[in-house]
Amino acid sequence: MTLNLSEIAATLETSPPAWPDGQVAGYSIDSRTLRPGELFFAVRGLRLDGHDYVKAALDAGAAAAVVSADRWNDFPAEAYSKLLAVPDTLGALQKLAAAVRRRWGGPLVAVTGSTGKTTTKQMIAALLRTRFRVFENEGNLNNQFGLPLSLLRLEPETEAGVFELAMSGPGEIRQLAEFAAPDLGVITNVAPVHLEFFPDIEAIARAKFELIETLGERAWAVLNADDPRVAAFGERMAGRALYYGITHPAEFRAEAVAPNGHGGWAFTVPPATIRTAAFGAVKAARRQNGDSSADAPAAVRFRLPLLGRHNVLNAMAALATGYLFGIPPASLVEALAELRPAPMRGEIVRLTSGALVVNDCYNSSPKALEAMLAAVALLPARRRIAVLGGMFELGPASDAFHAQCGARAAELRFDLLITVGEQARALAAGARAAGFPAEHCVPLGSSEEAGDYLRERLKEGDVVLLKASRAVHLEKAWERLGLFVPNEYK
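Next comes the structure, spelled out in structure tokens:
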């Protein structure tokens with residue numbers, strides 16, 4: 002949102018710089034990517050301090066820089082005319098983001114969960130775009146730094162916002178939700194992730210519940226009925242809950258779930274029991290679009306061109322959200338059928354060798370890995386090959402979780418298991434303990450080695466899964482596999 006420096010200074014309760022009426026073209030915390038006219042926030046991170054890059058930001062054309070008052074004297078006097086002093090630069094960034102969110106005033110969806118939150122966020126945004134101008138946060142702009150930068154990009158013409166909230170410790174979701182002020186919270190699941198920072202999975206559940214605690218009486222929560230911890234959240238919230246699921250009773254429940262070719266799925270959703278759109282502004286937009294009702298007169302059959310049954314649950318979260326926004330069933334059917342996986346999140350390509358590669362290497366966790374192993378096991382193949390790197394932040398139980406996933410690969414009858422890195426060796430140990438042939442386990446030291454190993458051995462009919470935590474950079478194996486052509490779902 003475009004603001005001038007005097008408005009920003011007033012919001013941050015500080016003195017404006019020498020040119021208070023100057024318009025700010027955007028907001029940045031990185032002097033390397035800053036564009037002329039943007040406002041630079043000198044935030045402190047774990048390794049770097051933005052105050053060390055204020056000069057670089059101003060030299061790059063920053064309109065001004067927000068700095069900590071205790072660092073004011075570190076700058077030359079000639080820079081003072083372009084500095085705004087605040088007690089805490091990160092707090093100032095979040096405070097300005099909260100002010101922009103309030104000024105914008107539209108319906109905002111916040112999505113969190115241990116797994117599936119990025120895919121679910123993208124699904125929700127795609128469904129809402131059938132009727133509204135939607136803004137969603139990109140990539141990893143979902144934490145204490147990235148979320149406020151994303152909120153600052155809301156514009157008056159934006160009709161709905163969809164934002165992913167991430168965490169690595171307790172209290173973080175609450176902090177993000179307090180300045181994002183969502184009208185609707187979506188929680189996908191609670192699973193063993195970040196156990197390096199939490200004592201147990203119940204503590205993770207409490208951290209996810211922080212989103213629900215921030216929702217007001219008029220807000221909605223879209224909750225996974227198949228996850229008992231998430232389902233219980235609805236009993237303790239001030240607003241209203243709408244449940245979705247496959248195996249448990251829910252207002253939005255997928256039935257007749259079946260594979261639909263190329264890894265995709267088809268499922269039926271009976272008429273929902275909720276009979277209203279949730280947001281007044283959305284109702285008005287529906288009337289303008291000529292939609293008198295978003296209620297389904299009968300059961301609706303959906304086609305989802307994404308790999309894995311777990312994505313049916315993600316789609317149900319998105320459909321429930323779309324329903325609360327008053328999207329007609331026909332639009333939901335069409336939009337869901339047009340979805341495509343994001344890069345490195347279950348995308349499928351066919352190599353010129355004829356082998357099929359499932360690139361899901363953006364991140365990994367035990368629940369997500371087991372789901373993707375099951376998904377790949379359903380694909381027709383001459384050989385099924387799992388190329389797996391370590392899963393990080395699992396705490397003392399890390400080896401046990403890796404072994405459990407290795408055993409699952411053995412149970413699903415994969416033909417070859419390639420592990421990348423020292424931490425992933427426990428995957429092979431678990432597979433061997435479950436009866437997987439030792440000679441079919443290949444331990445490699447790097448992603449590059451894995452790519453080279455595969456490139457020389459893949460043949461037509463092979464199906465390969467690439468999955469690891471982000472720090473493994475398994476995409477480097479992907480990059481060494483050679484030429485490929487897109488494999489579109491049919």
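Each number in the working numbering corresponds to the 1-based position in the sequence shown with 1 added. Every residue, glycine too, gets a C-beta built ideally from N, C-alpha and C.
Mapping DSSP to helix, strand and coil, what is G162? For the purposes of this step, residue 162 is identified with residue 161 of the sequence shown, where counting begins at 1. Note: G162 maps to strand in three-state DSSP.
Cβ pair count under 8 Å reaching 3, the stretch 73-89 against the stretch 10-19: yes
Let's test the definition: count the other Cβ atoms within 10 Å of the Cβ of L4 and tell me whether it reaches 16, buried, or not, exposed. Here residue 4 refers to the residue found at position 3 of the sequence shown. It is buried - the Cβ of L4 has at least 16 other Cβ atoms within 10 Å.
Pick from L308, P381, T322, L379 that is closest to R346, judged by C-alpha positions: The residue given as residue 346 occupies position 345 in the sequence shown. With distances taken between Cα atoms, R346 lies closest to L308.
In three-state terms, what does DSSP make of E156? Mapped onto the sequence shown, residue 156 falls at position 155. DSSP places E156 in coil when its eight states are reduced to three.
Compute the beta-carbon to beta-carbon distance between N190 and E165, rounded to the nearest angstrom, for a pair I have assumed lies under 8 Å. If you number the sequence shown from 1, residue 190 lands on position 189. If you number the sequence shown from 1, residue 165 lands on position 164. Actually they are not in contact, since the Cβ atoms of N190 and E165 sit about 14 Å apart, beyond 8 Å.
Taking DSSP's pairing of strands, which residues face I386 in a bridge? Numbered from 1 along the sequence shown, position 385 holds the residue referred to as residue 386. DSSP output for I386 lists L417, V465 as bridge partner(s).
For R288, count the other beta carbons within 10 Å of its own beta carbon; 16 or more makes it buried, fewer makes it exposed. Which is it? On the sequence shown, position 287 is the one that residue 288 refers to. Residue confidence is low: R288 scores 46 on pLDDT, short of 50, so the model does not pin down where it sits. Its coordinate-derived value is still stated next. Counting Cβ neighbours within 10 Å, R288 comes out exposed, since fewer than 16 surround it.
C406: first and last residue of the uninterrupted alpha helix (DSSP H) it sits in: As a first step, residue 406 is located in the sequence shown; it is residue number 405 there, counting from the start. Run containing C406: 399-412, per the alpha helix (DSSP H) assignment.
Verify whether the separation of the beta carbon atoms of A226 and G240 is less than 7 Å. Counting from one through the sequence shown, the residue named residue 226 turns up at place 225. Counting from one through the sequence shown, the residue named residue 240 turns up at place 239. Not a contact, by the Cβ cut-off of 7 Å.
Along the chain, where does the beta strand (DSSP E) containing R302 start, and where does it finish? For the purposes of this step, residue 302 is identified with residue 301 of the sequence shown, where counting begins at 1. Taken as a continuous stretch (DSSP letters only), the beta strand (DSSP E) holding R302 covers 301-305.
Whether A387 touches D463 by CB criterion (7 Å): To locate residue 387, count along the sequence shown from 1; it is residue 386. To locate residue 463, count along the sequence shown from 1; it is residue 462. No. Outside cutoff.
The beta strand (DSSP E) spanning V1 covers which residue range? Outside the displayed range of the chain (2 to 491) lies residue 1, so it cannot be described from this structure.
Just grab the DSSP bridge partners of S69 for me. Position 68 of the sequence shown, counting from 1, holds the residue named residue 69. V87.
Between A43, Q24, E8, which has its C-alpha nearest R33's C-alpha? Position 32 of the sequence shown holds residue 33. It is A43 whose Cα lies nearest to the Cα of R33.
Tell me, to the nearest whole angstrom, how far the beta carbon of V101 is from that of E137; I am working on the premise that it is less than 8 Å. Indexing the sequence shown from 1 puts residue 101 at position 100. Indexing the sequence shown from 1 puts residue 137 at position 136. Rounded, the Cβ-Cβ distance is 16 Å, inconsistent with contact.
Do you know how far the Cα of L129 is from the Cα of P108? Locating residue 108 in the sequence shown gives position 107, counting from the first residue. Locating residue 129 in the sequence shown gives position 128, counting from the first residue. When rounded, the distance between both Cα atoms is 11 Å.
Under the three-state reduction of DSSP, which class applies to G246: helix, strand or coil? Against the sequence shown, residue 246 aligns to sequence position 245. If DSSP states are grouped into helix, strand and coil, G246 belongs with the strands.
Which of helix, strand or coil DSSP assigns to E335: In the sequence shown, the residue the question calls residue 335 occupies position 334. In the structure shown, E335 sits in a helix (DSSP, three-state: H, G or I).
According to DSSP, simplified to helix, strand and coil, what is I349? Indexing the sequence shown from 1 puts residue 349 at position 348. Reduced to three states, the DSSP call for I349 is strand.
Touching or not, the stretch 50-62 and the stretch 169-184, by the rule of three or more beta carbon pairs under 8 Å? no
Is it buried or exposed, W266, if we count other Cβ atoms within 10 angstroms and call 16 or more buried? As a first step, residue 266 is located in the sequence shown; it is residue number 265 there, counting from the start. Label assigned to W266: buried.
Between S332 and the rest of its own chain, which residues show a CB-CB distance below 6 Å, the 5 nearest in sequence each way excluded? Looking up residue 332 in the sequence shown gives position 331. So the list reads T131, once near-sequence residues are dropped.
Should Y324 go down as buried or exposed, given a rule of 16 or more other Cβ atoms within 10 Å for buried? Residue numbering aside, residue 324 sits at position 323 when the sequence shown is read from its first letter. Result: buried.
Pick from S448, T420, A425, E449 that is closest to H441, judged by C-alpha positions: Residue mapping note: residue 441 aligns to position 440 of the sequence shown, counting from 1. Nearest option by C-alpha distance: T420.
If A411 sits next to A435, beta carbons under 8 Å apart, how far is it from one beta carbon to the other, in whole angstroms? Reading the sequence shown from its first residue, position 410 is the one you call residue 411. Reading the sequence shown from its first residue, position 434 is the one you call residue 435. A411 to A435, Cβ: 4 Å. Contact.
Do E197 and G396 come within 7 Å of each other at the CB atom, strictly closer than that value? The residue given as residue 396 occupies position 395 in the sequence shown. The residue given as residue 197 occupies position 196 in the sequence shown. Yes.
According to DSSP, which residues form a beta bridge with W479? The residue labelled residue 479 in the question sits at position 478 within the sequence shown. W479 is not bridged to any residue.
Which word fits N74, buried or exposed, when buried means at least 16 other C-beta atoms lie within 10 angstroms of its C-beta? Taking the sequence shown and counting its residues from 1, the one referred to as residue 74 is at position 73. With fewer than 16 other Cβ atoms within 10 Å, it is exposed.
With distances taken Cα to Cα, identify the nearest neighbour of L148 among D361, V187, V223, L97. In the sequence shown, counting from the first residue as 1, residue 148 sits at position 147. For the residues D361, V187, V223, L97, the minimum Cα distance to L148 belongs to L97.
Residue range of the alpha helix (DSSP H) that N315 falls in? In the sequence shown, residue 315 corresponds to position 314, counting from 1. Segment 311-325, the alpha helix (DSSP H) holding N315.
Per DSSP, what kind of secondary structure is M450 in: helix, strand or coil? Here residue 450 is taken as the residue at index 449 of the sequence shown, counted from 1. The sequence as given places Glu at residue 450; Met does not occur at that position. Three-state result, E450: helix.
Just the Cα atoms here: how many angstroms apart are I9 and S69? Locating residue 9 in the sequence shown gives position 8, where the first residue counts as 1. Locating residue 69 in the sequence shown gives position 68, where the first residue counts as 1. C-alpha separation (whole angstroms): 15 Å.
Provide the residue(s) that pair with T269 in DSSP beta bridges, ordered along the chain. Counted from its first residue, the sequence shown places residue 269 at position 268. Partner(s): E256, R302.
Between the alpha carbons of L152 and V110, how many angstroms are there, rounded? Counted from its first residue, the sequence shown places residue 152 at position 151. Counted from its first residue, the sequence shown places residue 110 at position 109. Answer to the nearest angstrom: the Cα atoms are 12 Å apart.
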